[in-house]
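Take a look at the structure below.
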Amino acid sequence: MAAPDSSINNHELHYSVNVKGTKNVIDACIELKVKRLIYTSSPTVVFDGIHGIFNGDESLPYPTKHIDSYSATKAEGEALVIKSNGINGLLTCCIRPSSIFGPGDKLLVPSLVFAARAGKSKFIIGDGNNMYDFTYVENVAHAHICAERALASEGTVAEKAAREAYFITNMEPIKFWEFVSLVLEGLGYERPRIKIPVFVVMPIARLVERTYKLLAPHGMKVPQIIPSRIRLISCSKTFDCSKANDRLGYTPIVPFQDGLRRTIESYSHLRAECRPKKDGPSKSSICLGRGLDMQSPPSASSEYLLPLRSHCQGKPQLVMDPSASVAANSHWGLLPSRSPNHIRHPGPKHHGPGPTTGVLPALNGIQPLFVPAAVNPPMSFPAPVALPPVSSKWPVVPPPRHPLTPRPPVPGTGVFLPPPSSGNSTETSFSGKATVSMDKDSGLGKPNGSSSVSLKGQVDGKMPRKECNGSVDGIGGANMKAADKPGGTV
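Using full-length UniProt numbering, you'd call the opening residue of the sequence shown number 1 and step up by one each time.
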């Protein structure tokens with residue numbers, strides 16, 4: 001028994017098929033005295049979407065809340081089948097194949113290819129280490145045959161096989177994202193590499209699901225990022241098939257690697273190199289108009305170009321007119337294609353010269369003129385300039401002209417004397433007399449209005465000797481007492 005697409009989280013749809021449809025089948029079997037009924041269930045009937053399952057067996061109970069309507073209604077249908085066992089001689093059992101894949105699959109592999117072509121297959125949701133059990137489609141069919149044979153047996157074999165559910169896998173657990181990578185690489189696509197935490201993707205999935213519920217009546221397609229699918233691909237789910245092997249005699253007949261190889265070969269039409277081309281004009285041609293295609297064959301160059309005015313841009317553009325034709329020896333063809341790194345040379349061209357004057361034949365009363373385009377001369381480059389040699393040694397820094405320690409000012413004057421070795425000092429002498437009146441309060445001398453000061457190069461024929469306190473020849477100073485020098489001669 002089949003079911004609707006599990007990605008469509010529509011409770012009414014799943015309930016009408018998985019519950020009501022199963023009940024109708026059971027009633028028909030009882031009425032027509034059918035002896036054996038095998039129900040195809042799902043391992044998600046014991047998955048709560050939060051806790052991973054590692055090597056789970058049939059003793060796992062149903063969770064209080066399932067991850068989606070598909071799992072919940074599948075559990076209800078499974079319970080109805082098990083409960084109907086023994087009514088009017090009917091023997092029933094349920095099998096739970098895990099993640100079926102193989103040729104003819106319209107859900108798993110096509111959805112992976114669709115995501116790869118949309119650029120969404122480069123992401124890994126979760127840590128990428130969650131384990132999974134996959135089942136090749138022929139092994140699923142083989143499990144149904146084993147179940148039917150067990151129920152058809154007499155005695156204790158049929159009694160043990162009836163009224164039970166069984167997990168069916170390939171008995172070769174593998175990382176979920178490794179399986180995805182093997183399928184995509186086998187079809188020529190890039191394997192996922194970027195890991196995204198679940199807590200980052202889940203709010204986006206909830207928003208997408210709510211948007212789908214609002215826009216589904218208006219034709220929105222089923223999204224791939226929904227909360228239930230995020231939980232399925234980010235949690236581990238591996239199961240133990242010992243019970244099916246013991247009571248049904250089930251053993252996989254197709255190994256995992258062989259089944260994967262057959263699956264990839266059957267989807268050769270979905271390979272990356274077989275990606276279908278878009279029909280109709282491209283986006284660039286719609287926005288910019290139909291220009292002369294430089295990748296078109298030479299025959300396309302024999303079409304005329306008519307100057308028209310674009311209604312959207314207000315600028316003249318060239319539009320192809322396929323109704324015209326030009327002779328084979330016409331000079332109006334495309335220039336030969338050349339490499340983008342081709343350098344122009346000033347010598348003669350390798351093709352014949354084109355017409356420099358003339359007009360095209362008139363079309364529909366329009367006479368397009370041919371205006372030759374000016375060709376710029378080749379650019380000349382100056383001769384290279386030799387650079388001065390560069391020394392690999394550290395440059396020698398000359399000593400500073402002035403000492404790092406500043407010289408103190410002359411007390412009482414606020415004048416800074418230049419250092420002796422600076423070369424900027426000027427030998428200055430003061431001659432003449434200056435009358436200094438004494439301040440009784442401070443004891444400092446102040447020059448009066450009759451002071452006269454003259455600059456000379458020498459004092460008494462000798463070069464003046466400069467002291468650190470600003471005195472000349474040791475006579476006179478700012479700190480000279482008034483009692484010693486009443487005249488204040490400097």
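Quick reminder that beta carbons are idealized off the backbone N, C-alpha and C, glycines included.
{"Query": "Pairwise C-alpha distance: glycine 49 and isoleucine 225", "Result": "15 Å"}
{"Query": "Limits of the unbroken alpha helix (DSSP H) element including arginine 96", "Result": "Per DSSP, arginine 96 belongs to no alpha helix (DSSP H); it is in the beta strand (DSSP E), 91 to 97."}
{"Query": "Length of the line joining the Cα atoms of glycine 77 and arginine 262", "Result": "32 Å"}
{"Query": "Residue burial classification, threonine 156 (beta-carbon count within 10 angstroms, cutoff 16)", "Result": "exposed"}
{"Query": "Threonine 73, buried or exposed, once every other Cβ within 10 Å from all chains shown has been counted against 16", "Result": "buried"}
{"Query": "Candidates Gly86, Phe199, Ala141, of which the one nearest valine 34 by Cα", "Result": "Gly86"}
{"Query": "Enclosing alpha helix (DSSP H) for tyrosine 15 [first to last residue]", "Result": "Counting along the chain, tyrosine 15 falls outside any alpha helix (DSSP H), and DSSP gives it neither H nor E."}
{"Query": "Host beta strand (DSSP E) of alanine 165 (start-end)", "Result": "165 to 168"}
{"Query": "Identity of the residue in Phe123, Pro197, Phe114 nearest glutamate 178 by Cα", "Result": "Phe123"}
{"Query": "Where proline 297 falls, given that 16 or more other Cβ within 10 Å makes a residue buried", "Result": "Note that proline 297 has pLDDT 43, beneath the 50 cutoff, so the model's placement of it is unreliable and the number below is only indicative. It is exposed - the Cβ of proline 297 has fewer than 16 other Cβ atoms within 10 Å."}
{"Query": "Threonine 211, DSSP secondary structure in three states", "Result": "helix"}
{"Query": "Beta-carbon contacts of tyrosine 62 that lie in its chain and below 7 Å, excluding the five residues immediately before and after", "Result": "Val45, Val46, Ala75"}
{"Query": "Rounded distance between the beta-carbons of leucine 270 and leucine 187, thought under 8 Å", "Result": "6 Å"}
{"Query": "Cβ pair alanine 165, isoleucine 82 closer than 9 Å", "Result": "yes"}
{"Query": "Where asparagine 55 falls: helix, strand or coil (DSSP)", "Result": "strand"}
{"Query": "Three-state secondary structure assigned by DSSP to phenylalanine 114", "Result": "helix"}
{"Query": "Given valine 254 as reference, the closest of Asp27, Lys65, Val137 once Cα atoms are compared", "Result": "Val137"}
{"Query": "Segment limits, beta strand (DSSP E) that includes threonine 40", "Result": "36 to 40"}
{"Query": "Beta-carbon proximity check, isoleucine 168 vs tyrosine 39, cutoff 9 Å", "Result": "no"}
{"Query": "Reduced DSSP category for methionine 379 - H, G, I as helix; E, B as strand; rest coil", "Result": "coil"}
{"Query": "Opposing strand residues paired with phenylalanine 176 [DSSP bridges]", "Result": "None, per the DSSP bridge assignment."}
{"Query": "Alpha-carbon to alpha-carbon, asparagine 129 and proline 223", "Result": "25 Å"}
{"Query": "Assigned secondary structure, isoleucine 100 (DSSP; H/G/I helix, E/B strand, else coil)", "Result": "strand"}
{"Query": "Residue from Arg206, Ser228, Ala162, Ser234 whose Cα sits closest to the Cα of isoleucine 196", "Result": "Ser234"}
{"Query": "Range covered by the beta strand (DSSP E) that runs through threonine 64", "Result": "Taken as a continuous stretch (DSSP letters only), threonine 64 belongs to no beta strand (DSSP E), as it is neither H nor E."}
{"Query": "Three CB pairs or more closer than 8 Å across the region 210 to 218 and the region 140 to 159", "Result": "no"}
{"Query": "Whole runs of the beta strand (DSSP E) within the region 195 to 274, excluding any shorter than 3 residues", "Result": "237 to 239"}
{"Query": "Bridge partner(s) assigned by DSSP for phenylalanine 123", "Result": "Ile194"}
{"Query": "Three-way DSSP call (helix, strand, coil) for isoleucine 8 in this model", "Result": "coil"}
{"Query": "Glycine 102 versus Asn376, Asn139, Leu387, residue with shortest Cα-Cα distance", "Result": "Asn139"}
{"Query": "Rounded separation between residue 526 and serine 236 - CA only", "Result": "The shown model of the chain, from 1 to 490, leaves out residue 526, and the question about it has no answer."}
{"Query": "Isoleucine 100 vs arginine 231 beta-carbon contact at 9 Å", "Result": "no"}
{"Query": "Environment of valine 109 [buried if 16+ CB atoms lie within 10 Å]", "Result": "buried"}
{"Query": "Proximity below 9 Å, CB of aspartate 133 to CB of proline 173", "Result": "yes"}
{"Query": "Rounded C-alpha distance that separates glutamine 257 from threonine 135", "Result": "11 Å"}
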